[in-house]
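In terms of numbering that gives the first Met the number 0, the sequence shown has 130 at position 131, counting the first letter as 1, and numbering is strictly consecutive.
Beneath this line is the structure, given in structure tokens, with notes to follow.
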Amino acid sequence: MRRLNVRSAQLDPCIRLQKFAVSSKPQNPPLYPGEILLLSLVLQDARRIGKANKRIEWCMKFDDLAEDPDGSKSRGYWPSESRTWQWILNCSEVRRVARPFSLGDLKLSKDYGGQANPRTISSDDEHIILPYLS
0 MRRLNVRSAQ
10 LDPCIRLQKF
20 AVSSKPQNPP
30 LYPGEILLLS
40 LVLQDARRIG
50 KANKRIEWCM
60 KFDDLAEDPD
70 GSKSRGYWPS
80 ESRTWQWILN
90 CSEVRRVARP
100 FSLGDLKLSK
110 DYGGQANPRT
120 ISSDDEHIIL
130 PYLS
């Protein structure tokens with residue numbers, strides 16, 4: 000399971016296209032097919048729209064990784080963004096979580112804040128998070 004920070008402007012295309020973009024290839028550990036990716040609104044956006052305690056409303060199931068060396072794919076998927084990304088995460092499923100939540104409100108063993116994408120969630124903390132998903 001991984002946490003992905005997503006800006007509110009990126010959220011709808013991520014859900015509709017079942018894709019997410021990252022700057023560097025996740026390698027330690029690498030992503031594996033079927034891994035759950037939590038779409039967490041960045042804190043500033045969540046506060047602005049009154050969802051600071053409900054930053055995670057959607058999750059995706061990772062399928063595969065595609066390189067985007069010239070940025071053409073990421074520009075096509077997220078035309079309103081003023082940047083491109085090196086890697087596109089293709090997902091086989093996107094769904095609403097059963098109970099929206101924020102990682103910072105749960106009693107987890109680690110702080111999963113910060114800008115790094117994707118952020119790996121420990122297996123101990125996955126057990127705490129899973130009931131919110133289904």
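Each residue gets a CB set at the ideal place from its N, CA and C atoms; glycine is no exception.
Pull up the CB-CB distance for residue i and residue j, whole angstroms please, since I reckon it's below 8 Å.
i      : j      : result
Leu3   : Asn116 : 5 Å
Ser101 : Asn52  : 5 Å
What residues match up with residue i in a beta bridge as DSSP calls it?
i     : result
Gln26 : Pro29
Asp63 : Asn89
Ser39 : Asn4, Ile55
Ala20 : Ile87
Arg74 : Arg74 is not bridged to any residue.
Arg15 : Paired residue(s): none; Arg15 is not in a bridge.
Arg46 : Paired residue(s): none; Arg46 is not in a bridge.
Arg95 : Trp57
Would you decide whether residue i is buried or exposed? Buried here means 16 or more other CB atoms lie within 10 Å of its CB.
i      : result
Leu129 : exposed
Tyr31  : exposed
Lys18  : buried
Quick check on this structure: which residue in the options has the alpha carbon closest to the alpha carbon of residue i?
i      : options                    : result
Ile127 : Phe19, Gly112, Asp104      : Asp104
Ile87  : Ser81, Pro68, Arg98, Val93 : Pro68
(message) For the pair the stretch 35 to 51 and the stretch 64 to 84, tell me if three or more CB-CB distances fall below 8 Å.
(response) These segments do not touch.
(message) Pairs of beta-carbons, one from the stretch 59 to 73 and one from the stretch 120 to 128, closer than 8 Å: are there three or more?
(response) no
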